[in-house]
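Scroll down for the structure; my scribbles are underneath it.
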Amino acid sequence: MSAPLRLGTRGSKLAMAQSGQVADALTARTGRPVELVEVVTAGDRSTAPVHRLGVGVFVSALRDALVAGTIDFAVHSYKDLPTATAAGLHIAAVPPRQDPRDALVARDGRTLAELPPGANVGTGALRRIAQLHALGLQLMVTSIRGNVDTRLGRVLGPEADLDAVVLARAGLARLDRTDVITETLDPMLMLPAPAQGALAVECRVDDPDLVELLATLDHAPSRAAVIAERAMLATLEAGCSAPVAAYAELAEGDAGEEIYLRGAVISPDGTRDIRLSRTGTPADAAEIGKALAAELLDLGADSILGPQGHDGPGTQQFGSTE
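Per UniProt numbering, residue 1 is the first one in the sequence shown, and the count goes up by one each step.
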């Protein structure tokens, strides 16, 4: 029997769950055994707010382990990846994407509209904070960190101090915790982060056999959607302090399959909100994203992003899926 492939993963419950799911899928398709190798990242060691941690804090240690050859491949939450490509590494697969929408978990089973003025809502993402403010519901928004269980405990635990939290539905689904969701948020209210709900399976370019093996996990529609969203993000050159959202959906159009991409740039206080959409074919996914970003910039997105939001290509960091 072949030696097990070493899959590098962060050690959080969510990261281990999603990496385990990828490992099981690869073994089922190819017969190759896979073992999980925990890698501690800078983001895991820090207690600072996610948007202040810098670029690639949940990624760089995994990529270092790949380059060093201590692991064979890695599984990332795709939205954690900087948009710049990493030398010598290759995204071999984007497995089928989980539901990319955000989810509300509130006390007493409440929806967002049912939260009273002044209700305290926790989230770790500036994108969510900005969109919550933009709704004009007079909510208090608290920046929080921690894994899924920690965040849920702020609402559902014995020492709960928040009225609700907003987090990625995908993470709850991978942990079989969708039962706690009181509302899955419509993208018209809360547009997701680029690549939210998607995973990236990465390996070294110089391992063509593994590249081919991992490609059996690739889901073309999920990859096309993520390419469109991240092309928009990269063209905006938005830094970690810029609330940027994007969501691409694939559907059958009059002339075949089409991508419908929505994008937004929102000021942190929610007072400025630029939203646009664009359609095209999956083959043109990257160009659709670039064109939508150019239109957003033409309408003033640049002034919302500001100089602090332009850290250069590939510097985006939107925080862990958790």
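Just so you know, even glycine gets a beta-carbon here, dropped at the ideal spot from N, CA and C. All figures in this text were calculated on a predicted structure; none of them were measured in a lab.
G197 places its beta carbon less than 8 Å from that of A170. A straight line joining the alpha-carbon of R32 with that of E237 spans about 39 Å. In this structure A225 does not touch R101 by the C-beta definition: roughly 13 Å separates them, more than the 8 Å allowed.
For the beta strand (DSSP E) assignment, the uninterrupted runs of no fewer than 3 residues enclosed by the region 137–207 are, from N- to C-terminal side, 140–143, 164–168, 199–204. In chain order, V94 place their CB closer than 7 Å to the CB of R223, counting only its own chain and leaving out the 5 sequence neighbours on each side. The DSSP-derived three-state label of A86 is coil. Residue pairing by DSSP places E249 opposite Y260 in a beta bridge. By the Cβ-count criterion, V244 is buried, with 16 or more other Cβ atoms from all chains shown falling within 10 Å of its own Cβ.
Between the region 143–153 and the region 175–187 there are three or more C-beta pairs closer than 8 Å, enough to call the two in contact. Separation of the CB atoms of V39 and T9 is rounded to 7 Å, and the pair is thereby assigned contact status at 8 Å. In the three-state scheme derived from DSSP, where H, G and I count as helix and E and B as strand, L104 is classed as strand.
Within its own chain, the residues whose Cβ lies closer than 7 Å to the Cβ of T182, once the five positions on either side in sequence are excluded, are L104, V105, A106, G109, R110, T111, listed in chain order. In this chain, the beta strand (DSSP E) harbouring T279 covers 273–280.
The Cβ neighbour count for A215, taken over all protein chains shown within 10 Å, is under 16; the residue is labelled exposed.
Counting only the Cα atoms, L137 lies some 15 Å from V165. The shortest C-alpha to C-alpha distance from I266 to any of I259, I304, T281 is the one to I304.
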